[in-house]
Amino acid sequence: MLPLLVVFPISLSSAPYMQFPPPGFSWQWYERYLDDPQWIDSTWRSLYIGGATAILALALGVPLAFSLVRGRFFGRIVVDRAALAPIIVPHIIFAVAVYGLFAKLKLIGTWYGLVIGHTVLALPFVVLVITAGLRDFDRSLEQAAEGLGASRWQTLRKITLPLLRPSLVSAGLLAFISSFDEVVVALFLAGANMTLPKKMFDNIMMEIDPTIASVSVIQILLVSVVLVLIGRFGRGLKDSAR
C-alpha cells in the first residue's frame, strides 16, 4: 500500500527525475502526459481493447456459465476446470504459448489478437461472477413466466437477464480491468501497438521520469472508479431488481 501512496506526491514533483520527498510541487508531468500523443494513443488503445475484451468475455462467459450451472452433460467438471485455468496458469507461460500459436496465425501486432488473448484471461472472472449469480437465482420466477405462456426466449429476455444485471455489470467491469491493467501478454502480442501498461513498461526500460508516476496515478484512479462502480452500481441494480 505504501508504494501506492508514495507515487502520488512523486507525480507532482518539480524535480526532473523521481525524487521522494519532492523538492516542490508542479503539474508539469501531467501536462507532459496530456501533450504526448503516444501516451494518449496508448491510453485510448487500452480503453477500447478493454471494452472489446469485456464484450467478448461476456458473450462467451454468460452462455458457458449457464451451461455449467444448469446443464447436465458428460465432462462438465472438465469444462469447468478448463474455464478457470487461466487464473491458475502464470501469465508468462500463457503468453509464451499464445505467442507461438498467434505467430503462425499472423495475429501478432494486431489489436484483435490482443483482445483474444485478454479475453481468455478475463473469461474466468466472468464465469465465476455469472455462476455465482445463477446459483443465487430464484428459478420460480422463470417457472411462473413460462406457466403464464412466455417462451424461453421471452423468459430469458424479460426475467432472467434483467435479474442478472448486477452480475453482468460486475463481470463486465472485472473483465475490463483485467485487460486494462494487463502487461505480460501485451508485451508478447501487442507488437508496435502500445497499450498503456506496455508503454509504461517500455518507458521504465529506457528512462525514468515522473511522467510514469503521473500515468500510474491516472491508472490507479481509473481502476478505483471501476471498483467503486462494481460495488455500488452492481448493488444498486440488485436492489432495484428485487
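Residue numbering for the sequence shown follows the numbering used here, beginning at 1055 and increasing consecutively. Every residue, glycine too, gets a C-beta built ideally from N, C-alpha and C. Please read all numbers here as calculations on a predicted model, not as lab measurements.
Under the three-state reduction of DSSP output, PHE1128 falls in the coil class, being neither helix nor strand.
Within its own chain, the residues whose Cβ lies closer than 6 Å to the Cβ of LEU1066, once the five positions on either side in sequence are excluded, are PHE1079, listed in chain order.
Following the DSSP letters along the chain, one finds ILE1170 inside the alpha helix (DSSP H) bounded by residues 1165-1189. The Cβ atoms of ALA1119 and VAL1061 do not sit closer than 9 Å to each other. DSSP places SER1221 within a helical segment (H, G or I) once states are collapsed to three. Two segments are said to touch when three or more pairs of C-beta atoms, one from each, lie closer than 8 Å; by this definition the segment 1095-1113 touches the segment 1224-1237.
Collapsing the DSSP output to three states places SER1278 in a helix. In this structure, ALA1246 is the residue among ALA1267, ALA1246, LEU1241 with its C-alpha nearest to the C-alpha of ASP1095. The three-state reading of DSSP puts SER1067 in strand, counting E and B together.
According to DSSP, residue pairing for PHE1079 in a beta bridge involves SER1067. Classified as exposed, PHE1127 has fewer than 16 neighbouring CB atoms from the shown chains inside 10 Å of its CB.
Straight through space, the alpha carbons of PHE1234 and LEU1101 are spaced by roughly 7 Å. Residue burial is scored here from C-beta neighbours: LYS1212 has fewer than 16 other C-beta atoms within 10 angstroms and is therefore classed as exposed. In the DSSP annotation of this structure, the continuous segment of the alpha helix (DSSP H) that includes VAL1150 starts and ends at 1145-1159. Check the Cα spacing between THR1107 and each of LEU1168, VAL1271, ASP1134, GLN1092: the tightest is with LEU1168. ALA1137 and LEU1177 do touch by the CB rule: their CB atoms are close to 6 Å apart, below 8 Å.
For MET1248, the three-state secondary structure derived from DSSP is coil. Judged by beta-carbon spacing, LYS1252 lies beyond the 9 Å limit of ALA1267, meaning their Cβ atoms are not closer than that value.
Leaving aside the five residues that flank VAL1271 on each side, the residues in its chain whose CB is nearer than 7 Å to its CB run, in chain order, VAL1061, PHE1062, SER1065.
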